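S.K.: Numbering (UniProt numbering), first residue to last: 1 to 295.
Idealized CB from N, CA, C, for every residue including glycine.
Owing to the predicted nature of the structure, the values given are computational and were not obtained by experimental measurement.
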């Protein structure tokens with residue numbers, strides 16, 4: 001089936017918005033269609049001529065400090081832009097009603113009441129006691145987001161593969177019966193960058209002991225940069241982005257769905273409560289992919 005692109009330049013009832021890409025974002029804001037430019041490579045300096053025998057020590061070129069080339073490259077890398085880094089919350093379409101009723105995507109310990117629970121009971125119980133590194137909180141105090149639409153846990157649902165983190169119901173239902181709430185790192189953190197633990201990023205399942213994590217805003221940005229610059233993207237597919245307590249609906253930039261049937265259902269639910277979040281049909285995000293086992 002050919003992916004159906006969102007309508008461009010229009011919104012119901014005459015509201016005008018900027019042109020959108022196939023993922024539902026304004027032109028220039030999609031990290032997939034408009035990837036950030038990589039920094040230009042620095043020109044390689046020519047080697048200094050070899051000093052003649054007997055030349056004074058002062059005339060000789062300074063010795064290269066070990067690691068200086070790597071440090072220079074690191075400094076030249078452009079910092080990650082939190083406005084273009086997308087985060088993805090996968091849930092079942094049946095769970096959209098309580099989310100709309102709350103006006104936000106709630107964390108487990110903040111009162112989330114999923115109709116179809118994607119988390120396995122043991123996994124949910126464990127996250128209620130698993131501490132978050134560097135913060136006086138547990139994982140269940142946070143709304144979980146993925147950093148890739150090819151994340152291992154989401155692909156387990158797409159392929160119907162049993163996973164200890166997922167309920168049997170989650171992997172037995174068709175992938176297209178789920179929806180993906182898309183936001184950005186900047187939308188999630190808002191103006192709360194001074195408070196450590198407002199958002200947390202981990203390089204693997206947040207409830208797993210010994211995972212790399214960052215909770216202070218500068219450290220969060222640095223870890224996101226490292227995850228996005230890895231060539232194979234393996235850790236990006238395992239990583240989690242956690243948002244403390246809730247994500248208000250107005251910070252959801254897009255709801256991605258797998259087919260027209262679910263799109264119509266989602267739009268009807270949004271209209272019923274007067275929410276005007278974009279809805280985009282994009283089947284590739286809901287189709288299974290063959291991948292290597294998660295490390």
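#1: Assuming residue 139 contacts residue 204 under a Cβ cut-off of 8 Å, what Cβ separation, rounded to an integer in Å, is found between them?
#2: Quick one: complete beta strand (DSSP E) runs, 3+ long, within the segment 100-151?
#3: Under 8 Å, do residue 224 and residue 185 count as touching if we go by C-beta distance?
#4: Give the DSSP bridge partners of residue 246, in chain order.
#5: Just list the residues that DSSP pairs residue 281 with in beta bridges.
#6: By Cβ distance below 7 Å, which residues in the same chain neighbour residue 243 in space, the five residues on each side in sequence not counted?
#7: Taking the straight line between their C-alpha atoms, what separation do you get for residue 270 and residue 278?
#8: Mind reading off the beta-carbon distance from residue 92 to residue 178? Whole number of angstroms is fine, and I expect it under 8 Å.
#9: Hey, out of 218, 221, 228 and 118, whose CA is closest to residue 162's CA?
#10: Are there 16 or more other CB atoms within 10 angstroms of the CB of residue 90, so buried, or fewer, so exposed?
#11: Please classify residue 288: is it buried, with 16 or more other beta-carbons within 10 angstroms of its beta-carbon, or exposed?
#12: Excluding sequence positions up to five away, which residues of its chain have a Cβ less than 8 Å from the Cβ of residue 97?
#13: May I have the straight-line CA-CA distance separating residue 284 from residue 150, to the nearest angstrom?
#14: Would you identify the three-state DSSP class for residue 214, choosing helix, strand or coil?
#15: On the criterion of 16 or more Cβ atoms from any shown chain inside 10 Å, does residue 84 qualify as buried, or is it exposed?
#16: Going by alpha carbons, who is nearest to residue 103 out of 240, 252, 165 and 267?
#17: Whole angstroms are fine: how far does the CA of residue 121 sit from the CA of residue 136?
#18: Between which two residues does the beta strand (DSSP E) containing residue 86 stretch?
#19: Which partner residues of residue 179 appear in the DSSP bridge assignment?
#20: Taking the C-alpha atoms as reference points, what is the distance between residue 113 and residue 254?
#21: Run through DSSP, which three-state label would residue 159 get?
#22: By the three-class DSSP mapping on this structure, what secondary structure does residue 173 have?
#23: Taking a contact to mean a Cβ-Cβ separation below 8 Å, would you say residue 212 touches residue 202 in this structure?
#24: Is there at least one non-hydrogen atom of the ligand FAD closer than 7 Å to the beta-carbon of residue 212?
#25: Report back the beta-carbon spacing between residue 110 and residue 246 to the nearest angstrom; my notes put them in contact at under 8 Å.
#26: What would DSSP say about residue 315, mapped onto helix, strand or coil?
#27: Classify residue 187 as helix, strand or coil using the three-state DSSP reduction.
M.R.: According to the data block:
#1: What you label residue 139 is simply residue 139 of the chain shown in a count that begins at 1. What you label residue 204 is simply residue 204 of the chain shown in a count that begins at 1. Contact flag wrong, Cβ pair sits at about 12 Å.
#2: 104-106 and 142-146
#3: Sequence index remark: in the chain shown, residue 224 carries index 224 (1-based). Sequence index remark: in the chain shown, residue 185 carries index 185 (1-based). Yes, the Cβ-Cβ distance between residue 224 and residue 185 is below 8 Å.
#4: Working through the chain shown from its first residue, we reach residue 246 at position 246. Paired residue(s): 106.
#5: The residue labelled residue 281 in the question sits at position 281 within the chain shown. Per DSSP, 257.
#6: Stepping through the chain shown from its first residue, residue 243 is reached at position 243. 142, 143, 145, 188 and 199.
#7: For the purposes of this step, residue 270 is taken as residue 270 along the chain shown, with counting starting at 1. For the purposes of this step, residue 278 is taken as residue 278 along the chain shown, with counting starting at 1. Rounded to whole angstroms, residue 270 to residue 278 spans 10 Å at the Cα level.
#8: To locate residue 92, count along the chain shown from 1; it is residue 92. To locate residue 178, count along the chain shown from 1; it is residue 178. Confirmed, Cβ separation roughly 5 Å.
#9: If you number the chain shown from 1, residue 162 lands on position 162. Taking only the C-alpha atoms, the option nearest residue 162 is 118.
#10: Taking the first residue of the chain shown as 1, we reach residue 90 at position 90. Flag for residue 90 reads buried.
#11: Taking the first residue of the chain shown as position 1, residue 288 is located at position 288. Residue 288 should be labelled exposed.
#12: On the chain shown, position 97 is the one that residue 97 refers to. Same-chain partners within the cutoff: 115 and 269.
#13: Counting from 1 along the chain shown, the entry for residue 284 is found at position 284. Counting from 1 along the chain shown, the entry for residue 150 is found at position 150. If you take the alpha carbons of residue 284 and residue 150, they lie about 10 Å apart.
#14: Here residue 214 corresponds to residue number 214 of the chain shown, with the count starting at 1. If DSSP states are grouped into helix, strand and coil, residue 214 belongs with the strands.
#15: Position 84 of the chain shown, counting from 1, holds the residue named residue 84. With 16 or more Cβ atoms within 10 Å of its Cβ, residue 84 is classed as buried.
#16: What you label residue 103 is simply residue 103 of the chain shown in a count that begins at 1. Considering only alpha carbons, the answer is 252.
#17: Working through the chain shown from its first residue, we reach residue 136 at position 136. Working through the chain shown from its first residue, we reach residue 121 at position 121. Their Cα atoms are separated by approximately 24 Å.
#18: As a working mapping, residue 86 is identified with position 86 in the chain shown. Its beta strand (DSSP E) spans residues 86-92.
#19: The sequence position of residue 179 within the chain shown is 179, counting from 1. According to DSSP, which records beta bridges pairwise, residue 179 is partnered with 91.
#20: Residue numbering aside, residue 113 sits at position 113 when the chain shown is read from its first letter. Residue numbering aside, residue 254 sits at position 254 when the chain shown is read from its first letter. When rounded, the distance between both Cα atoms is 22 Å.
#21: Locating residue 159 in the chain shown gives position 159, where the first residue counts as 1. DSSP places residue 159 in helix when its eight states are reduced to three.
#22: On the chain shown, residue 173 is found 173 positions in, with the first residue counted as 1. Residue state, collapsed to three classes: coil.
#23: Reading the chain shown from its first residue, position 212 is the one you call residue 212. Reading the chain shown from its first residue, position 202 is the one you call residue 202. Their beta carbons are under 8 Å apart, which means residue 212 touches residue 202 by this criterion.
#24: Looking for the ligand FAD in the displayed structure turns up nothing, as the structure carries no ligands at all.
#25: Looking up residue 110 in the chain shown gives position 110. Looking up residue 246 in the chain shown gives position 246. Sure, about 6 Å apart at Cβ, within 8 Å.
#26: Nothing about residue 315 can be reported from this structure: the residues present for the chain run from 1 to 295 only.
#27: For the purposes of this step, residue 187 is identified with residue 187 of the chain shown, where counting begins at 1. It is helical.
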